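With the UniProt record's numbering, letter number 53 in the sequence shown gets 53, and the count goes up by one each step, no holes.
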Amino acid sequence: MTQGLSHLGLTVSKLEQTTRFFTDTLGWRLAGEKPAYPAKFVTDGNMFITLWQVSNGDTVVNFDRKNNVGLHHLALSVASKENLVILHERFKTVDDLVIEFGPEINGQGPTVHMMIREPSGNRIEFTYKP
């Protein structure tokens, strides 16, 4: 049947900043774009994320998991706890990025995770499972 995630589409209010977050901060590459749409496509080599610019950033309504249907957050795996710590330190230097919480044990463990809001406000969780 299914074989994993092909791609994920995210609507963003800050297309350029969010694209730079994925490419410059996470090391993904820009795989394409549609300026007239406008949209950019980024990949880590395994999956793609489509970033769509909202038509009017002034009228954006932020997601509320108790009142909206939609994506609560995206969770990305990292290869080691050290990588999680490196990302946490890197995130501290990114403008318009909010760190909701730094690396911590998830529940009873052993997974370690952290949560951020990228420059457009979408929540992204980073996890390491030993």
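Just so it is clear, CB atoms sit at the ideal spot from N, CA and C, and this is done for glycine as well.
Quick caveat, the model's predicted, so the values are computed rather than measured.
Nearest residue (CA-CA) to residue i, options the options
{"i": "Glu125", "options": "Lys92, Asp96, Leu84", "result": "Leu84"}
{"i": "Leu8", "options": "Glu82, Leu51, Phe91", "result": "Leu51"}
{"i": "residue 190", "options": "Leu71, Gly70, Tyr37, Ser6", "result": "Only positions 1 to 130 of the chain appear in this structure, which leaves residue 190 out of reach."}
{"i": "Glu89", "options": "Gln3, Gly4, Thr25", "result": "Thr25"}
{"i": "residue 139", "options": "Tyr37, Met47, Ala31", "result": "With the chain represented from 1 up to 130, any question about residue 139 goes unanswered, as that position is not in the structure."}
{"i": "Glu100", "options": "Gly57, Arg117, Val112", "result": "Arg117"}
{"i": "Glu82", "options": "Val112, Val69, Gln108", "result": "Val112"}
Beta-carbon proximity of residue i to residue j, cut-off 9 angstroms
{"i": "Val98", "j": "Val54", "result": "no"}
{"i": "Asp96", "j": "Lys14", "result": "yes"}
{"i": "Thr18", "j": "Ser120", "result": "yes"}
{"i": "Gly45", "j": "Arg20", "result": "no"}
{"i": "Phe63", "j": "Asn106", "result": "no"}
{"i": "Lys129", "j": "Pro110", "result": "yes"}
{"i": "Leu10", "j": "Leu71", "result": "yes"}
{"i": "Thr127", "j": "Val78", "result": "yes"}
{"i": "Leu87", "j": "Met115", "result": "no"}
{"i": "Phe22", "j": "Ile49", "result": "yes"}
Residue i, DSSP secondary structure in three states
{"i": "Thr25", "result": "helix"}
{"i": "Glu125", "result": "strand"}
{"i": "Thr2", "result": "coil"}
{"i": "Glu33", "result": "strand"}
{"i": "Thr18", "result": "helix"}
Within-9 angstroms CB hit, residue i to chain D
{"i": "Ile49", "result": "You won't find chain D in this structure, because it holds only one protein chain."}
Beta bridge counterpart(s) of residue i as assigned by DSSP
{"i": "Thr11", "result": "Trp52"}
Every unbroken beta strand (DSSP E) within the stretch 42-103, with a cutoff of 3 residues, ordered by chain: 48-53, 74-77
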